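K.L.:
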Amino acid sequence: AAPELCFIDTGSDGKLRVQQSALQMLQQIQQPVVVVAVVGLYRTGKSYLMNRLAGKQSGFALGSTIESKTKGIWMWCVSHPTKAGTTLVLLDTEGLGDVDRGDPKHDTNIFSLAVLLSSTLVYNSRGTIDNKAVMDLQYVTELSDCIKVKSSDEDADDSSEFVKFFPSFIWAVRDFTLELKIDGKDVTEDEYLEFALKLKHGTTRSVIEYNFPRECIQKFFPSRKCFTFPFPTALENMSSLESLNSADISSEFLKVTDHFCQFVFHDSCVKRLKDGHTVTGRVLGHLAKTYVDTISSGAVPCLENAVIAMATIENEAAVKEGLQVYQSGMEKLKDSFPLELKNVSSEHQHLSSTATQAFMKRSFRDTDGKYLKSLQENIIKLFDEYLCQNEQASKKRCEEILSSLSAPMMKKLKQGFYTKPGGYDLFCKDLEDIEKKYNSQANKEVKAEEVLEEFLKQKSVDSEAILQADKKLSEKEKKIKKEKEKAAILEQEIKARDEKQRQLEEKMEAEKQSNEERMRQMKEKMDEEMRLQREEAERVMDRKLREQADLLERSFKEKADRMSQEIEEFKRQNAESNRAGEFAAILENSKRRHEEEMAMMMQQRREQMMGMQQRAIQQIILRPSDECCIS
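Per the UniProt record's numbering, the sequence shown runs over residues 1 to 631.
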């Protein structure tokens, strides 16, 4: 478990700020996070519950005086005790209503941040859930002024959409001394909470004021749970609760505490953004920074803007992460250059797929495929660079082979060995031997044909001088041999171009397969996003229908009718935001763009080859039966 850290506090300018040390720690958490925040009036024992959730006797500060001990929001990150591969993030908030602060806006901001950042919100109070206790939770009535879902209309009340992303709600009642009975009948803790949140009939000002916080709690937090804790120990021991042995603490209190912890562990969900995207520790840090900076600037935190900001940060990082995976793999392969093109292409396809997986794992809301396209373009650019480096290594090796094989010939040239009658045929014989040995040694090199072409062109200068000096040959024979030599060089040039064309087609086929794999992964990712979107829509619809049924059961027809309108509006918005068609268009556009790029490359290559063939037709002549110098 990481140590307890101050997450959000107040700077010297009186504005909220996120502590860099906390951000750095969250940055290292790549796992999904379950975020549990405890809020409540100061000195109500919030920190004790957080310590129990963390599995520690102490950690979050406990105080025995009237002073609020926790300032700002403190954080503790531990491995989740029941969900493998998940981190439990505990947020202990500054006590609300602290007389030292004297700033109700500060309390509202702390409460809003706890709601925005958590997946489970625990409200801690003392005594009973009477009207005063409900009214003390006044901050819930201010949420519609402190949080916006969409940025499009800043004045519109979009609080009906809070249910999509608000946390589940637990009311923890401390030092509870009453019997759980209503009208003489035993009730559960949850039934006790629902009775306390029951609305009154009427339209008078007092009834409206009574109903308003209850309506907000019911509307914003449809998933509600209640725990009632008895006094933990004798009054004289309350100030040293964290240092008491279990034997000195009420067994009933320990039983409820254990039940509370087990419920939080098993029922608290992973934190998700709007549209169902899973929040990691890293994303949680970004969210906190975005929300706190917005509040400190005097603006209202907006969910839509926060998600867009997160998407930009995460998608840019996802592109870098994917490129890093690809590049590190290709750098290892580079140590083995030169290699056959098929070996380089095969590793490119594998690494391109792995890089796309890394990108998909981190990216979200890449709705127009902009960032995946950026990854694809950068990978293709890197692939071309590595192909170029492989070609350079191949060219160097081929040149070294030719240099070694032609060393005896070069020595003979310097000695004037070929400047004698019949010298041209001797030169041709040596050149032919070099070519055969070279083809045997360099036949799998990507630059074999091109380097040989260049070598033959260079040697044609020596060949021309030896041919003209050969007294054994007539002028007519010299002319024939010269034309044959030109034809042979052109033939090798065509052979080199054919090999280049074959390599281009092989590269294009590799890229085609890589693109198909990218599209497969993209579709898989989009299917998953749509599944999460459907699940979120179903969850919200279920909550709204249950709330409507409850209102009808309690004879609040007017409110139930308003809920019907909300449900119809939600259905309409959900239909509009269905991204199936949008995703299909992205896939189709990407496929079409790739096919157009490949067709353009093939057309350019065909035009080059046609030019070569026309030259060949003009220059190649039928060879007589005697040997050619360059073959």
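Every residue gets a Cβ at the ideal spot worked out from N, C-alpha and C, and that includes glycine.
Given the structure is predicted, the values throughout are model-derived calculations rather than measurements.
Could you give the distance in angstroms between the alpha-carbon of Glu142 and the alpha-carbon of Leu372?
P.N.:
The sequence position of residue 142 within the sequence shown is 142, counting from 1. The sequence position of residue 372 within the sequence shown is 372, counting from 1. Between Glu142 and Leu372, the C-alpha separation is close to 40 Å.
K.L.:
By the 10 Å Cβ neighbour count, where 16 or more other Cβ atoms means buried, how is Ser21 classified, buried or exposed?
P.N.:
As a working note, residue 21 is residue 21 in the sequence shown. With fewer than 16 other Cβ atoms within 10 Å, it is exposed.
K.L.:
CA-CA distance, Lys484 and Lys507?
P.N.:
On the sequence shown, residue 484 is found 484 positions in, with the first residue counted as 1. On the sequence shown, residue 507 is found 507 positions in, with the first residue counted as 1. Distance between the alpha carbons of Lys484 and Lys507 is about 34 Å.
K.L.:
Let me check one thing: in DSSP terms, what residues is Pro32 bridge-paired to?
P.N.:
For the purposes of this step, residue 32 is taken as the residue at position 32 of the sequence shown. Pro32 pairs with Thr280.
K.L.:
Let me confirm a value: Ile8 is counted as buried when at least 16 other C-beta atoms fall within 10 Å, else exposed. Which label applies?
P.N.:
On the sequence shown, residue 8 is found 8 positions in, with the first residue counted as 1. Flag for Ile8 reads buried.
K.L.:
What are the start and end residues of the beta strand (DSSP E) that includes Ala172?
P.N.:
For the purposes of this step, residue 172 is identified with residue 172 of the sequence shown, where counting begins at 1. Its beta strand (DSSP E) spans residues 168–174.
K.L.:
Excluding five sequence neighbours on each side, which residues of the same chain lie with their C-beta closer than 6 Å to the C-beta of Glu67?
P.N.:
Residue mapping note: residue 67 aligns to position 67 of the sequence shown, counting from 1. Unreliable placement is indicated for Glu67, whose pLDDT of 41 sits below 50; the coordinate value is still reported in the next sentence. No residues qualify anywhere along the chain.
K.L.:
Which class does Lys361 belong to by DSSP, given the choice of helix, strand or coil?
P.N.:
Here residue 361 refers to the residue found at position 361 of the sequence shown. Reduced to three states, the DSSP call for Lys361 is helix.
K.L.:
For Phe265, which residues from the same chain have a beta carbon less than 7 Å from its beta carbon, with the 5 sequence-adjacent residues on both sides left out?
P.N.:
By one-based count along the sequence shown, residue 265 stands at place 265. Here the set comprises Pro81, Thr82.
K.L.:
Using the beta-carbon count (16 or more within 10 Å), is Ser251 buried or exposed?
P.N.:
Your numbering for residue 251 matches position 251 in the sequence shown. Exposed.
K.L.:
Kindly indicate which three-state DSSP category Asp368 falls into: helix, strand or coil?
P.N.:
The count along the sequence shown starts at 1 and reaches residue 368 at position 368. Residue state, collapsed to three classes: coil.
K.L.:
Could you tell me the boundaries of the alpha helix (DSSP H) in which Thr257 lies?
P.N.:
Within the sequence shown, numbered from 1, the residue matching residue 257 stands at position 257. Counting along the chain, the alpha helix (DSSP H) containing Thr257 begins and ends at 251–267.
K.L.:
Report the three-state DSSP secondary structure of Asn73 (helix, strand or coil).
P.N.:
Translated into positions along the sequence shown, residue 73 becomes position 73. Here the sequence assigns Ile to residue 73, which means Asn is not the residue at that position. Of the three classes helix, strand and coil, the one that applies to Ile73 here is strand, per DSSP.
K.L.:
Is it true that the CB of Arg362 sits closer than 9 Å to the CB of Ala306?
P.N.:
Locating residue 306 in the sequence shown gives position 306, counting from the first residue. Locating residue 362 in the sequence shown gives position 362, counting from the first residue. Against a cut-off of 9 Å, the Cβ pair of Arg362 and Ala306 comes out as no contact.
K.L.:
Please state whether the Cβ-Cβ distance between Val34 and Met50 is less than 9 Å.
P.N.:
Here residue 34 refers to the residue found at position 34 when the sequence shown is read from its first residue. Here residue 50 refers to the residue found at position 50 when the sequence shown is read from its first residue. The answer is no: Cβ separation not under 9 Å.
K.L.:
By how many angstroms is the C-alpha of Ile182 removed from the C-alpha of Gln30?
P.N.:
Looking up residue 30 in the sequence shown gives position 30. Looking up residue 182 in the sequence shown gives position 182. Their backbone Cα atoms lie some 47 Å apart in a straight line.
K.L.:
Based on Cα-Cα distance, which residue from Phe169, Glu194, Pro230, Asn343 lies nearest to Leu121?
P.N.:
To locate residue 121, count along the sequence shown from 1; it is residue 121. Comparing Cα positions, the closest option is Phe169.
K.L.:
Please report how far the alpha carbon of Glu475 lies from the alpha carbon of Lys411, in whole angstroms.
P.N.:
Counted from its first residue, the sequence shown places residue 475 at position 475. Counted from its first residue, the sequence shown places residue 411 at position 411. Answer to the nearest angstrom: the Cα atoms are 28 Å apart.
K.L.:
So the candidates are Val451, Ala448, Glu450, Lys479; which of them puts its Cα closest to the Cα of Ser463?
P.N.:
To locate residue 463, count along the sequence shown from 1; it is residue 463. The shortest C-alpha separation from Ser463 is found at Lys479.
K.L.:
Here's a check: name, in chain order, each residue in its chain whose Cβ is nearer than 6 Å to the Cβ of Ile73, leaving out the five neighbours to either side.
P.N.:
Position 73 of the sequence shown, counting from 1, holds the residue named residue 73. Around Ile73: Phe7, Ile8, Leu91, Thr93.
K.L.:
Any idea if Arg546 is buried or exposed, counting beta-carbon neighbours within 10 angstroms, 16 or more meaning buried?
P.N.:
Position 546 of the sequence shown, counting from 1, holds the residue named residue 546. Classification for Arg546: exposed.
K.L.:
Using C-beta distances below 7 Å, list every residue in its chain close to Ser12, excluding the 5 sequence neighbours before and after it, in chain order.
P.N.:
Here residue 12 refers to the residue found at position 12 when the sequence shown is read from its first residue. Nothing listed; no residue qualifies.
K.L.:
With distance defined between alpha-carbon atoms, name the residue in Asp470, Asp335, Ala442 nearest to Leu426.
P.N.:
Taking the first residue of the sequence shown as position 1, residue 426 is located at position 426. Closest option to Leu426, Cα to Cα, is Asp470.
K.L.:
According to the Cβ coordinates, are Ile217 and Val149 closer than 9 Å?
P.N.:
Stepping through the sequence shown from its first residue, residue 217 is reached at position 217. Stepping through the sequence shown from its first residue, residue 149 is reached at position 149. Not a contact, by the Cβ cut-off of 9 Å.
K.L.:
Arg126 and Asp190 - do their beta-carbons sit closer together than 9 Å?
P.N.:
The sequence position of residue 190 within the sequence shown is 190, counting from 1. The sequence position of residue 126 within the sequence shown is 126, counting from 1. No, Cβ-Cβ distance for Asp190 and Arg126 is not below 9 Å.
K.L.:
Using the Cα positions of Thr128 and Phe231, report the straight-line distance between them to the nearest angstrom.
P.N.:
Indexing the sequence shown from 1 puts residue 128 at position 128. Indexing the sequence shown from 1 puts residue 231 at position 231. So the two alpha carbons sit approximately 13 Å from each other.
K.L.:
Is the separation between the beta-carbon of residue 645 and that of Glu517 shorter than 9 Å?
P.N.:
Here the chain covers residues 1 to 631 and nothing more, so residue 645 does not appear.
K.L.:
Counting C-beta neighbours from all protein chains within 10 Å, is the total for Pro421 16 or more, i.e. buried, or is it exposed?
P.N.:
For this step, residue 421 is matched to residue 421 along the sequence shown. Pro421 is exposed by the Cβ-count criterion.
K.L.:
Would you identify the three-state DSSP class for Lys185, choosing helix, strand or coil?
P.N.:
Counting from 1 along the sequence shown, the entry for residue 185 is found at position 185. Strand.
K.L.:
Could you pull the start and end residues of the alpha helix (DSSP H) that Asp462 belongs to?
P.N.:
For the purposes of this step, residue 462 is identified with residue 462 of the sequence shown, where counting begins at 1. 448–469 is the span of the alpha helix (DSSP H), which, as asked, contains Asp462.
K.L.:
Would you report the Cα separation of Ala393 and Met310, rounded to the nearest angstrom?
P.N.:
Looking up residue 393 in the sequence shown gives position 393. Looking up residue 310 in the sequence shown gives position 310. The straight-line gap from Cα to Cα measures roughly 43 Å.
K.L.:
Between residue 675 and Leu41, how many whole angstroms is the CB-CB distance? I'm expecting something under 8 Å.
P.N.:
Limits of the chain in this structure are 1 at one end and 631 at the other, which puts residue 675 out of reach.
K.L.:
Using alpha carbons as the reference points, say which of Ser403, Pro32, Leu137 lies closest to Ser268.
P.N.:
Along the sequence shown, read from residue 1 onward, the residue named residue 268 stands at position 268. Measuring from the Cα of Ser268, the nearest candidate turns out to be Pro32.
K.L.:
In the region 189–233, which residue ranges form an unbroken alpha helix (DSSP H) of at least 4 residues, counting only runs that do not cross its ends?
P.N.:
As far as the region 189–233 is concerned, its whole alpha helix (DSSP H) runs of at least 4 residues are 189–196, 205–220.
K.L.:
Looking only at its own chain, which residues have a Cβ that is under 6 Å from the Cβ of Thr65, when we skip the five neighbours before and after it?
P.N.:
Residue mapping note: residue 65 aligns to position 65 of the sequence shown, counting from 1. Low per-residue confidence applies at Thr65: pLDDT is 37, beneath 50, and the placement is therefore not dependable enough to give any value.
K.L.:
Cutting at 6 Å between CB atoms, please list the residues of its own chain near Glu161, excluding the five before and the five after it.
P.N.:
What you label residue 161 is simply residue 161 of the sequence shown in a count that begins at 1. Contacts found: Val149.
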